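Input: a single structure, listed below in structure tokens.
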Amino acid sequence: MGASSVVNSLAGKIVLVTGATGFIGRHLVDRLRMIPGISLILLSRSSKSDFAPEAAWVTSALDRLTRNTWLDHGIDRIDVIFHFGAYTPKKSSEGNEVDEVYHDNLIGTRALLESLPCTPERFVFSSTLDVYSTSEASQILTEESRLSPASLYGASKVFCEHLVRVYAEKLGYAYAILRFGHIYGPGEGAYVKLIPQVIRSMLKHESPVIYGDGSAQRDFMFVDDAVEAAMRAATAISRQVGPLNVVSGQSRSIREFVEVLSRVSGFSGKIEYQAEKPNGVSLMLSAKKMFDVLGQWELCALEDGLRQEVNYFRSGDD
43 MGASSVVNSL
53 AGKIVLVTGA
63 TGFIGRHLVD
73 RLRMIPGISL
83 ILLSRSSKSD
93 FAPEAAWVTS
103 ALDRLTRNTW
113 LDHGIDRIDV
123 IFHFGAYTPK
133 KSSEGNEVDE
143 VYHDNLIGTR
153 ALLESLPCTP
163 ERFVFSSTLD
173 VYSTSEASQI
183 LTEESRLSPA
193 SLYGASKVFC
203 EHLVRVYAEK
213 LGYAYAILRF
223 GHIYGPGEGA
233 YVKLIPQVIR
243 SMLKHESPVI
253 YGDGSAQRDF
263 MFVDDAVEAA
273 MRAATAISRQ
283 VGPLNVVSGQ
293 SRSIREFVEV
303 LSRVSGFSGK
313 IEYQAEKPNG
323 VSLMLSAKKM
333 FDVLGQWELC
343 ALEDGLRQEV
353 NYFRSGDD
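Residue numbers for the sequence shown follow the working numbering, so the first one is 43 and each next one is one higher.
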């Protein structure tokens with residue numbers, strides 16, 4: 043499946059994106075806007091009409107959606123849904139926020155599914171690698187690995203995966219379930235994560251602090267490649283896509299990521315490795331099924347992707 047076939051499949055469609063102003067959602071919208079004849083409906087808690095002003099903006103919390111939400115905006119047809127709106131923890135300690143997980147993820151996904159003004163052609167659901175058991179992280183995680191989420195956030199995504207499948211099979215529309223891994227790139231600054239934290243320190247000429255010796259393995263995928271996977275899933279021949287791990291399939295040590303960031307940012311200071319702190323769990327993930335189902339494409343090179351993110355922070359857009 044090439045870029046032209048994806049564009050042709052979505053040209054002229056009415057496409058809804060929830061979480062349209064989020065990290066991945068915004069990049070997805072940027073890509074969708076390039077498709078001729080597409081009609082975009084963007085759902086967000088707050089309107090960002092300066093971004094994608096040609097789109098139909100719907101301002102609502104997910105758990106407040108009803109059929110009238112769409113009808114009041116003159117929307118009686120939606121062909122494809124990218125459901126990327128959700129409560130997503132900004133840091134690991136926020137994974138068990140009961141109210142947010144319950145209202146935004148559980149009730150919100152159900153409300154969206156029940157409110158749709160018509161039967162869509164396809165529903166693409168954004169899930170997470172947090173559905174897996176971290177006790178198996180020393181192995182290569184595949185889509186068949188044991189599901190045993192350590193947080194309410196991860197558990198909510200397992201439930202919603204099943205919910206999407208049940209509604210799609212009951213009403214007869216196609217669906218895709220995508221388990222996104224560690225996605226990086228311009229716009230992730232709101233999250234307390236390794237790459238944005240290290241970039242901020244380096245650009246302030248401060249020593250980044252890394253727990254352990256930096257040997258723990260991580261798999262990072264550039265945000266444009268995550269969007270490519272979502273677009274291909276939305277236009278796949280198969281009516282039941284996934285669950286698929288949306289990952290690069292290439293794990294590297296944290297030390298290697300930090301060294302690349304030093305190089306592309308021009309940082310010449312010292313990296314502070316706190317050997318007394320635990321290294322953390324290594325994550326090795328399989329991308330085989332993703333490429334088997336969605337086809338092959340050339341992933342963004344790590345150095346190129348990190349350079350784009352460093353330049354984004356330098357521009358002050360974070």
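Ideal Cβ positions, reconstructed from N, Cα and C, are used throughout, including at glycine.
Because the structure is a prediction, the values reported are computed rather than measured.
Beta-carbon within less than 7 Å of residue i's beta-carbon, same chain only, minus the 5 sequence neighbours each way: which residues are those?
| i | result |
| --- | --- |
| Asp105 | His145, Asp146, Ile149, Gly150, Ala153 |
| Leu194 | Gly137, Asn138, Val140, Val143 |
| Ala317 | Gly254, Asp255 |
| Ser51 | Thr277 |
| Cys342 | Phe264, Asp266, Asp267 |
| Trp339 | Glu270 |
| Glu163 | Asp121, Val122, Tyr215, Ala216 |
| Gln292 | Asp261 |
| Glu213 | As written in the sequence, residue 213 is Leu, which differs from the Glu given in the question. Same-chain partners within the cutoff: Thr161. |
| Ala197 | Pro191 |
Would the beta-carbon of residue i be found less than 6 Å away from any heavy atom of the ligand NAD?
| i | result |
| --- | --- |
| Gln282 | For the ligand NAD, the structure offers nothing, since it holds no ligand at all. |
Just checking my contact of residue i with residue j at CB under 8 Å: how many whole Å lie between their CB atoms?
| i | j | result |
| --- | --- | --- |
| Gly223 | Leu171 | 5 Å |
| Gly227 | Gly347 | 6 Å |
| Tyr174 | Leu189 | 6 Å |
| Ile83 | Val49 | Actually they are not in contact, since the Cβ atoms of Ile83 and Val49 sit about 19 Å apart, beyond 8 Å. |
| Val20 | Ala329 | The shown model of the chain, from 43 to 360, leaves out residue 20, and the question about it has no answer. |
| Arg274 | Leu205 | No, Arg274 and Leu205 are not in contact; Cβ-Cβ is about 23 Å, not under 8 Å. |
| Ile219 | Arg119 | Going by Cβ atoms, the distance from Ile219 to Arg119 rounds to 24 Å, so no, they are not a contact pair. |
| Lys331 | Val234 | Not a contact, Cβ separation roughly 30 Å. |
| Thr176 | Val323 | 6 Å |
Whose CA, out of the options, lies closest to the CA of residue i?
| i | options | result |
| --- | --- | --- |
| Arg349 | Ser304, Arg75, Gln338, Lys331 | Ser304 |
| Gln259 | Tyr233, Val288, Val300, Val49 | Val300 |
| Phe65 | Ser86, Ala98, Val48, Val57 | Ser86 |
| Leu286 | Val251, Arg221, Tyr215, Val173 | Arg221 |
| Arg297 | Ala272, Phe93, Val240, Leu58 | Val240 |
| Glu156 | Val100, Pro95, Thr108, Arg294 | Thr108 |
| Gly311 | Ile219, Val251, Thr176, Trp99 | Val251 |
| Cys202 | Leu58, Ile182, Tyr129 | Tyr129 |
| Glu345 | Tyr315, Ala272, Leu336, Ile237 | Ile237 |
| Glu185 | Cys160, Pro320, Asp334, Glu230 | Asp334 |
| Leu327 | Gly358, Ile182, Glu230 | Ile182 |
| Lys199 | Pro131, Gly229, Thr161 | Pro131 |
| Pro320 | Ser257, Asp114, Gly358 | Ser257 |
| Glu230 | Thr161, Gly358, Gly291, Lys212 | Gly358 |
| Arg242 | Leu74, Asp92, Phe309, Glu96 | Phe309 |
| Ser187 | Leu325, Phe355, Arg356, Tyr354 | Leu325 |
| Ala192 | Leu213, Lys212, Ile225, Ser135 | Ser135 |
| Arg73 | Arg356, Ala272, Ser295, Tyr315 | Ala272 |
Go through its chain and collect everything with a Cβ distance to residue i's Cβ below 6 Å, but skip five positions before and after it.
| i | result |
| --- | --- |
| Val208 | none |
| Ser307 | Met244, Val352 |
| Ser102 | Thr111 |
| Arg53 | Position check: residue 53 holds Ala in this sequence, whereas Arg was assumed. Hits under 6 Å: Ile77, Pro78, Gly79. |
| Val71 | Val59, Ala62, Ala94 |
| Val100 | Leu85, His115 |
| Ala97 | Leu82, Leu84 |
Assign residue i to one of three DSSP states: helix, strand, or coil.
| i | result |
| --- | --- |
| Trp339 | coil |
| Leu325 | coil |
| Thr151 | helix |
| Pro285 | strand |
| Asp267 | helix |
| Asp261 | strand |
| Gln292 | coil |
| Leu158 | coil |
| Leu107 | coil |
| His247 | coil |
| Val48 | helix |
| Val306 | helix |
| Arg164 | strand |
| Ala276 | helix |
| Val57 | strand |
| Thr176 | helix |
| Glu230 | coil |
Any beta carbon of chain B sitting closer than 7 Å to that of residue i?
| i | result |
| --- | --- |
| Leu58 | Chain labels in this structure do not include chain B; a single protein chain is all it has. |
Which same chain residues, not among the five before or five after residue i, have their C-beta less than 8 Å away from its C-beta?
| i | result |
| --- | --- |
| Ser47 | Thr277 |
| Leu113 | Pro159 |
| Phe355 | Gly231, Pro238, Ile241, Arg242, Leu245 |
| Val302 | Leu344, Glu345, Leu348 |
Check whether the region 233-249 and the region 275-282 touch, using three or more Cβ-Cβ pairs below 8 Å as the test.
no
- Query: Would the region 253-267 and the region 154-168 be scored as touching if the rule is three or more Cβ pairs under 8 Å?
  - Reply: no
Review point. Three or more beta-carbon pairs under 8 Å between the region 119-129 and the region 65-77, yes or no?
Key: yes
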